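For reference, the structure is listed below as structure tokens.
Residue numbers (the numbering used here): 198 to 497.
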């Protein structure tokens, strides 16, 4: 749990199951002099090290005793409950502004993502977190035009993660694609390294999202639309086309198969058009159909 008191508080519901303490609580709708017994669980630890509001916490996938936190002090802190309530590692200036979110890679517990008000997502390796006393990320992902609010690793692909921001976009990244040359038309706009999909279906800031652990490549995302619509929010459940994330060779082979199937087999009112069962290119068909335009793959 995080908060404005600059601390991280560690809780376990197992403490209640195994016999938590009982405290007096007011019954709903009754006066202050009337109380009722209810369960209460004390914290396992209060961890202090941040100098401003703590914004987010993530557990290490391989240890329930290790976790990390980020805050408005621009710090990323790693903690280990087994060795005390002080920071294990404190990364100063992990970003150039407040940090809003953090997530730990479920496939590789050396990799940690952070998102910030400086509009960037940064990836850290916990084996080498700092350089010259400040944060030293492996890579800085730049694809948002406003503060990043949420980051989350894909549960299915170790190199894939998502980020959402106040610009209303939810970006899907693959750090394995960073540094790989992508062939694009000369006039096409440049794409940030590692970005391979962008969900732009929300009208305002995307405050949270989650991958579906049971349905690969399916995402639920939520936006706060108060500023743009005057109230309310939007929840969307969506899945990107598999043509986007499947291996390129596999996609090209499928498209070629589709092309071969649809290239020439157009049969429309043969008795009226005088078409035979043979191959025509698009110019021939357009001429025979009196100028009615068809959009086909070119004939071989």
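C-beta atoms are modelled at their ideal positions from N, C-alpha and C, and glycine is treated no differently. Since this is a predicted model, take the numbers as computed values, not measurements.
The C-alpha of residue 298 lies about 6 Å from the C-alpha of residue 346.
By the criterion of at least three beta-carbon pairs nearer than 8 Å, the region 251 to 261 is in contact with the region 285 to 302. For residue 372, there is no enclosing beta strand (DSSP E), as DSSP marks it with neither H nor E.
Judged by pairs of C-beta atoms under 8 Å, the region 353 to 373 touches the region 411 to 425, as three or more such pairs exist. Taking a C-beta distance under 8 Å as the contact criterion, residue 263 and residue 257 qualify as a contact pair.
Assigned with DSSP and collapsed to three states, residue 255 falls in strand. Counting along the chain, the unbroken alpha helix (DSSP H) around residue 212 starts and ends at 211 to 214.
Here DSSP, grouped into helix, strand and coil, assigns residue 278 to helix. Here residue 422 carries a coil assignment [DSSP, helix/strand/coil]. According to DSSP, residue pairing for residue 404 in a beta bridge does not occur.
Apart from the 5 residues on each side of it in sequence, residue 292 sits with its Cβ closer than 8 Å to the Cβ of 271, 311, 313, 314, 315, 317, 319, 332 in its chain, given in chain order. Judged by DSSP in its simplified three-state form, residue 322 adopts strand.
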